[in-house]
Each structure stands twice: as structure tokens, then as C-alpha cells.
Amino acid sequence: MSIIQQHTSASLSESWRTINIDALTEDSSLNFDTSSLHPPLPETSESEVRQLANQVRQLLRGGDTEGALRGCLESPVYNGNDLAKEAHLQTVIEVLQSIKASEMTPMLQRIYSTPGGSECLDALMKYLYKGMGASSAQGGGSAPRTPTRVTPQQTGFSQAGGRPHAANESTGAAMSVLLSWHEKVVEVAGLGCIGRTMTDWRKV
Amino acid sequence: MAAPEVHHLFHHPIADHAFTADHKTLAVARENTVELYGKVGNAFKLQDELKAHDKTVTSVDIAPNSGRIVSCSQVTDRNAFVWEPTPEGYKPTLVLLRINRAATFVRWAPSETKFAVGSGDRAIAVCYFEDENNWWVSKHLKKPIRSTVTTVAWHPNSVLLAAGSADAHARVFSSFIKGVDPKPAPGVWGERLPFNTVCGEYLNNSAGWVHSVAFSPSGDALAFAAHDSSITVVYPSGPDQPPKAIISINTQLLPFMSLIWNGEAEIIAAGYDCEAFRFKGGAQGWQLSGTLESKGRPGLGDAREESALNMFRQMDLKGKVKDDTQLKTVHQNTITTLRAYETSGESVSKFSTSGVDGRVVIWHT
Numbered sequence: 001m002s003i004i005q006q007h008t009s010a011s012l013s014e015s016w017r018t019i020n021i022d023a024l025t026e027d028s029s030l031n032f033d034t035s036s037l038h039p040p041l042p043e044t045s046e047s048e049v050r051q052l053a054n055q056v057r058q059l060l061r062g063g064d065t066e067g068a069l070r071g072c073l074e075s076p077v078y079n080g081n082d083l084a085k086e087a088h089l090q091t092v093i094e095v096l097q098s099i100k101a102s103e104m105t106p107m108l109q110r111i112y113s114t115p116g117g118s119e120c121l122d123a124l125m126k127y128l129y130k131g132m133g134a135s136s137a138q139g140g141g142s143a144p145r146t147p148t149r150v151t152p153q154q155t156g157f158s159q160a161g162g163r164p165h166a167a168n169e170s171t172g173a174a175m176s177v178l179l180s181w182h183e184k185v186v187e188v189a190g191l192g193c194i195g196r197t198m199t200d201w202r203k204v
Numbered sequence: 001m002a003a004p005e006v007h008h009l010f011h012h013p014i015a016d017h018a019f020t021a022d023h024k025t026l027a028v029a030r031e032n033t034v035e036l037y038g039k040v041g042n043a044f045k046l047q048d049e050l051k052a053h054d055k056t057v058t059s060v061d062i063a064p065n066s067g068r069i070v071s072c073s074q075v076t077d078r079n080a081f082v083w084e085p086t087p088e089g090y091k092p093t094l095v096l097l098r099i100n101r102a103a104t105f106v107r108w109a110p111s112e113t114k115f116a117v118g119s120g121d122r123a124i125a126v127c128y129f130e131d132e133n134n135w136w137v138s139k140h141l142k143k144p145i146r147s148t149v150t151t152v153a154w155h156p157n158s159v160l161l162a163a164g165s166a167d168a169h170a171r172v173f174s175s176f177i178k179g180v181d182p183k184p185a186p187g188v189w190g191e192r193l194p195f196n197t198v199c200g201e202y203l204n205n206s207a208g209w210v211h212s213v214a215f216s217p218s219g220d221a222l223a224f225a226a227h228d229s230s231i232t233v234v235y236p237s238g239p240d241q242p243p244k245a246i247i248s249i250n251t252q253l254l255p256f257m258s259l260i261w262n263g264e265a266e267i268i269a270a271g272y273d274c275e276a277f278r279f280k281g282g283a284q285g286w287q288l289s290g291t292l293e294s295k296g297r298p299g300l301g302d303a304r305e306e307s308a309l310n311m312f313r314q315m316d317l318k319g320k321v322k323d324d325t326q327l328k329t330v331h332q333n334t335i336t337t338l339r340a341y342e343t344s345g346e347s348v349s350k351f352s353t354s355g356v357d358g359r360v361v362i363w364h365t
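Keeping their order, the protein sequence lines are chains L and W.
One point on numbering: in the UniProt record's numbering, the residue at position 109 of the first sequence is 109, and numbering is uninterrupted.
One point on numbering: in the UniProt record's numbering, the residue at position 60 of the second sequence is 60, and numbering is uninterrupted.
What follows is the structure in C-alpha cells.
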């Protein structure tokens with residue numbers, strides 16, 4: 001009798017269902033150290049990123065767009081704080097916006113055919129996706145796109161995020177630049193390049 | 001190049017396939033059963049069904065000399081069966097793997113006295129027969145695997161075992177079992193090799209989860225294919241030393257699911273692009289040299305499409321000129337397994353592929 005009562009009070013509430021048992025197992029995948037999935041990466045500081053941005057701008061002013069693009073893709077910011085990463089993204093987008101549509105494919109083909117070129121285009125693809133993510137988040141308003149933690153009480157689907165319908169013209173223009181670059185990069189580096197953007201743990 | 005020999009067995013994915021040494025019997029893993037097809041004339045006809053697993057069979061292998069079949073399957077079942085050929089048909093023996101997740105992949109050692117089963121339990125079960133108990137026993141390779149083992153491959157010495165895992169690493173272990181294996185000769189992978197010695201642990205930059213691993217015919221190089229559309233070849237230089245070379249080829253293609261060596265200077269790989277590709281190289285470098293699919297191959301409805309009547313019929317029915325529901329490749333879906341079929345010395349003269357489209361195809365290299 002008493003056993004049944006204990007049981008009811010403890011198990012009638014459904015909160016036990018949401019206990020994350022994986023977090024309690026020491027060698028579970030939840031406690032997986034993802035830093036083991038990439039080689040050690042040198043840290044890049046914000047000042048180094050700014051310095052590189054200045055060099056890249058100089059190349060742009062000098063008309064060497066290919067050198068500018070190569071320059072920022074050969075030193076992607078894999079290990080750095082958010083400000084450094086964001087600054088480098090802006091540099092890459094600035095370079096991408098200053099290259100004419102007719103020059104895109106030949107330039108990508110030249111870069112791809114050089115040693116280390118495939119790696120450069122993989123880095124470019126990472127920045128394209130990051131750029132698209134960043135501009136859609138700006139347009140989507142202040143609502144968080146994904147709730148950081150789903151509470152046990154939440155059952156339905158939330159309407160958080162949504163389409164960036166209120167995107168202003170400049171983000172729209174930036175997006176169209178990124179999309180046309182995306183198309184051209186896939187033409188040159190293939191679908192394998194998109195796959196690598198997803199598997200690679202060296203995030204930009 | 002002679003045309004490939006295509007056997008369309010059924011409209012269902014083939015998880016794995018294996019031929020007997022005489023090429024007269026073909027075993028395929030289809031849903032919960034292992035189906036045995038016998039060669040009748042030029043075709044394969046269903047001969048026998050091995051039913052013992054109660055979940056999807058994930059892998060099957062046939063030992064070339066003894067003719068024993070080993071199969072393994074997913075959760076709740078989690079066991080392997082060794083099927084002994086007898087005059088009355090195949091007799092199953094249960095092998096307790098002692099794992100709590102699905103068994104993903106199984107291969108006989110070249111010595112045929114052991115087999116290795118990869119699993120989702122972050123472990124590899126190395127199984128061998130214990131005469132005194134008349135029972136298959138399993139020993140686990142666990143450290144330092146941190147995720148599902150997706151594939152395994154044996155070194156020619158039957159002691160070293162390569163394993164690919166969803167933690168993006170390809171590893172080489174020793175699976176030395178006292179009393180079963182003769183003491184292995186020291187080599188590039190190590191000198192003393194007690195059980196669970198980690199002889200190498202490799203990861204490439206873009207870190208895709210590993211789909212396939214293979215030792216070169218000499219056993220002195222290791223190749224692996226990962227989900228980042230790459231293949232990576234490792235040349236070790238000796239125990240406790242960094243490898244001589246690790247060469248990674250990032251391709252423009254979709255990922256490869258399976259690869260084999262053809263001699264020391266060629267690798268054949270196939271996967272999500274539904275066709276097999278050839279890589280050539282050595283310790284100085286590797287490159288993609290082309291597809292094994294012969295272009296302009298007749299058949300598969302190409303001829304039918306050229307008739308004017310059919311063209312207008314297509315336009316009328318579907319509103320388009322070309323019937324684009326068929327791929328230009330022999331396989332019509334992902335290739336999941338690639339195996340050497342006929343070898344002469346170290347080189348492979350024919351290999352077989354099977355995939356999600358229910359076809360088994362035998363190719364000339």
C-alpha cells in the first residue's frame with residue numbers, strides 16, 4: 001500500500017521523462033570533447049584580423065581582387081573570439097562584393113587549380129554560409145531562432161524565428177551576392193565542398 | 001574494357017554482399033535475412049534464406065576457405081551468427097557479442113580463425129572459437145574509440161585491425177589473441193603487439209565520419225574514406241613515430257562509402273555518386289584519375305529513347321523530351337559495398353559492388 005503511494009507521487013508527474021540520462025554517463029556522446037575532432041589551431045586576435053583587413057583593402061584599392069580574396073581565405077579565423085571572427089567575415093564579404101560577376105568563375109578556377117586551392121574554396125564556402133546565417137538573423141528581428149533550452153513543459157512547436165520577411169534592402173543585396181558566389185563555388189569545387197563545410201570542426 | 005555484369009536482384013537496398021570463393025554463391029543482406037543466390041547460367045537465383053536475426057542485418061561476410069558465413073544485425077538482436085555449411089544446409093551458431101548497441105559491420109580475418117564486429121557501443125568485438133568450450137568468444141577493443149564503429153578491415157597478418165568510426169578517426173589496433181594467432185613479425189605498425197595496442201590514430205582536416213578503411217596489399221599503408229568526400233592514405237614509418245606521409249584528397253564528388261586497393265598504387269572507391277572512381281598515386285601523392293563507368297555504354301533504355309515515336313510520347317505524357325528518371329550510371333542509387341572479386345597476385349582484375357538499388361555488379365578494373 002505504502003509502496004504504491006510512494007510510486008504515484010514520484011511517477012505521476014512526468015518530469016522524470018526529461019532527465020537527460022546521457023549527461024549522467026561519463027563516457028556518453030554528450031560528454032564528447034569535440035576539440036579532438038580538429039588539429040590544434042593557432043589563435044587569432046582581433047588586432048591581427050584588423051591588420052589583415054587593412055592589407056586586403058590595400059590590395060583591393062590596387063585592383064588586385066584575386067590577391068585580396070586569396071589573402072583572406074588563406075588565413076581563416078578558426079580560433080578566435082566572436083569579434084575577431086565577425087570582423088574577418090566582414091572583410092571576406094567586402095572582397096566578395098567588390099568582385100565583378102564575370103570575374104567570379106575564372107578567378108575561382110584559378111584559385112582551385114593552385115596547391116591549397118581546394119582548401120581555400122572550402123574556407124570560402126564556410127564564410128558564405130556564415131554570411132547567409134548572419135544576414136538572415138539580422139532581418140529576422142530580435143526573436144531567438146532556436147530556444148537555448150527546451151523546458152519540460154513546452155510541448156507544441158514554437159513560432160520563434162521565422163522568415164526574414166522584414167529584411168531591408170542592404171541585407172537583401174548582400175544575400176544575393178552570397179547566393180551567386182555559392183552557385184559559382186559549387187560549380188568549381190563540387191558538392192564535396194558543401195559536405196566539408198558541414199563535417200569540418202574548424203568553424204569560422 | 002569489358003562491359004560490367006549486372007545482376008538486379010530485387011527492388012530493395014542491399015546492406016552488404018559477399019561471394020563464395022568459387023563465385024557460385026552470392027550472399028546478400030536484405031532486411032532481416034541473409035539471402036543466398038546460386039549461379040544458374042548467367043543469372044543468380046534465390047537458393048536459400050538464412051533467418052535467425054530479428055532486426056535488420058547490417059553486414060555479412062564469407063570466409064573463402066571454410067565457406068563459413070558470418071552475419072550481424074541491429075539493436076535488440078545485437079548478436080552475430082556463424083553459419084556452418086553442412087550437407088543439410090547452413091547451420092547457425094549464435095555468437096554473444098556482449099554489446100548494448102547495434103552491430104554495424106563484420107569481417108573475417110584472413111586466417112579465418114577470428115572475425116571482428118564493429119558496433120554502436122563504441123567497441124569492436126573480436127571473436128574467436130574456443131575449442132575447450134566449443135563456443136565462440138568475444139573480446140572487446142574499446143579504447144580510445146569515442147563513437148560508433150562504422151567499418152573494420154584486416155591486415156594480411158590477421159593481427160592488425162583497422163577501424164573507422166563516427167568520431168572521424170581511423171585507427172589501427174592489435175587484435176592479437178594468445179593461442180589463436182602466431183606471433184606477428186614486427187613491422188611498420190609496431191614491434192610488440194599485445195591485444196588493444198593502438199598502433200595509429202588518424203584524422204584529416206575536414207573530419208568527416210569514416211565510411212570505409214582498407215590496408216594496402218602489403219599491409220604497410222592504410223586508406224580511409226570519410227563523409228567529407230575525401231580519401232586519406234597513411235604511410236606509417238615505424239612504431240611511436242609520426243607517419244612518413246598522410247595524403248588527403250578532397251574531391252568535388254559526393255562521399256565514398258567503400259574503397260579497395262588494387263596493388264599499392266591504385267585505389268578504387270564508390271559511394272553516393274553511384275559510380276566507382278579510380279585514384280592513382282603513392283607515398284609522394286595521390287590523385288583522382290577518373291571514373292570506371294564506361295561512357296556511352298549502350299542499354300538501359302538509351303536506345304528506346306532515340307525513337308521519334310517515343311520522343312513525342314514522352315513530350316505528350318510528361319511534357320518533356322528526355323526521360324530523366326534514370327541515372328546515366330549502372331547503379332541507380334548509392335553504392336554501399338565494394339569488394340575484390342577476382343585477384344591475381346596483388347592486383348584486382350574484377351571487383352563487385354552492391355547498393356541501395358538492389359543491384360550487384362561485377363566490374364573489370
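Ideal placement from N, C-alpha and C gives every residue a C-beta, glycine not left out.
None of these values were measured; they are calculated from a predicted model.
Assuming Ile93/L is part of the alpha helix (DSSP H), what are its boundary residues? 82-97
Residue range of the unbroken beta strand (DSSP E) whose run includes Cys274/W: Neither: Cys274/W is in no beta strand (DSSP E) and is coded neither H nor E.
Below 8 Å on C-beta distance, what does Asp122/L contact in chain W? Ser206, Asn250
Hey, would you say the C-beta of Pro184/W is under 8 Å away from at least one heavy atom of the ligand MN? Only the bare structure without any ligand can be found here, which leaves the ligand MN out of the picture.
Going along chain B, which residues have a C-beta under 8 Å from Leu26/W? The structure shown contains no chain B; its protein chains are L and W.
When you compare the CB of Arg110/L with every CB in chain W, is at least one pair closer than 9 Å? no
Which residue marks the beginning of the beta strand (DSSP E) containing Glu5/W, and which one marks its end? 5-8
Tell me the DSSP bridge mates of Asp240/W? BP columns for Asp240/W are empty, so no partner.
Identify the contact partners of Arg146/W in chain L, using a Cβ-Cβ distance below 7 Å as the criterion. Phe32
Per DSSP, what kind of secondary structure is Ile130/L in: helix, strand or coil? Here residue 130/L turns out to be Lys, not Ile, going by the sequence shown. Residue state, collapsed to three classes: helix.
Can you check whether the C-beta of Ala15/W is within less than 9 Å of a C-beta belonging to chain L? no
Any beta carbon of chain W sitting closer than 9 Å to that of Pro106/L? no
Given a limit of 7 Å on CB to CB distance, which residues of the stretch 172-192 of chain L reach chain W? Ala189, Gly190, Leu191, Gly192
Reduced DSSP secondary structure (H/G/I, E/B, other) of Glu266/W: strand
Run through chain W and tell me which residues come within less than 9 Å of Gly67/L, C-beta to C-beta. Under the 9 Å cutoff, chain W gives no residues; its nearest Cβ is about 23 Å from Gly67/L.
Given Ser175/W as reference, the closest of Cys199/W, Ala52/W, Gly187/W once Cα atoms are compared: Cys199/W
Residues of chain W with CB closer than 8 Å to the CB of Pro115/L, please, in chain order. By Cβ distance, chain W contributes nothing, its closest Cβ being about 11 Å from Pro115/L, past 8 Å.
Along the beta strand (DSSP E) that carries Thr93/W, what are the first and last residues, could you check? 89-95
Spatial neighbours of Glu346/W within its chain, please: CB distance less than 6 Å, with the 5 preceding and 5 following residues excluded, ordered by chain position. Pro217, Gly263
Range covered by the alpha helix (DSSP H) that runs through Gly67/L: 65-74
Can you name, in chain order, every residue of its own chain whose Cβ lies under 7 Å from the Cβ of Leu121/L, other than the five neighbours on each side? Leu108, Ile111, Tyr112, Val185, Val188, Ala189, Cys193
Who does residue 401/W pair with in a DSSP beta bridge? Nothing can be reported for residue 401/W, as the shown portion of chain W is limited to 1 through 365.
Excluding the 5 residues preceding and the 5 following Ile246/W in the sequence, name in chain order all residues of the same chain whose CB lies nearer than 6 Å to its CB. Val234
Would you say His331/W faces chain L, with C-beta separation under 9 Å as the test? no
Considering Ala245/W, what are the terminal residues of the beta strand (DSSP E) in which it resides? 245-250
Step through the CB atoms of chain W and report whether any lies within less than 9 Å of the CB of Gly80/L. no
Do you know whose CA, among Ser230/W, His227/W, Phe195/W, lies nearest Ser138/W's CA? Phe195/W
Contact list for Pro42/L against chain W, beta-carbon separation under 7 Å: Within 7 Å Cβ-Cβ: nothing; Pro42/L doesn't reach chain W, min ~14 Å.
Leaving out five residues on either side along the sequence, give the residues of the same chain with a beta carbon under 7 Å from the beta carbon of Thr334/W. Met257, Gly271, Tyr272, Cys274, Gly355, Val356
Hey, which unbroken runs of the beta strand (DSSP E) at 3 residues or more fall wholly within the stretch 157-218 of chain W? 160-165, 170-174, 198-202, 210-215
Cα-Cα separation between Ser147/W and Val210/W, rounded to whole angstroms: 11 Å
Along the stretch 231-259 of chain W, what residues have a CB closer than 8 Å to any CB found in chain L? Asn250, Thr251, Gln252, Leu253, Leu254, Pro255
What's the C-alpha gap between Phe173/W and Ala103/W? 18 Å
Where the beta strand (DSSP E) containing Gln287/W begins and where it ends: 285-291
Taking CB distances under 9 Å as the criterion, tell me whether Thr199/L reaches chain W. yes
Do Val204/L and Leu41/L have their C-beta atoms closer together than 9 Å? no
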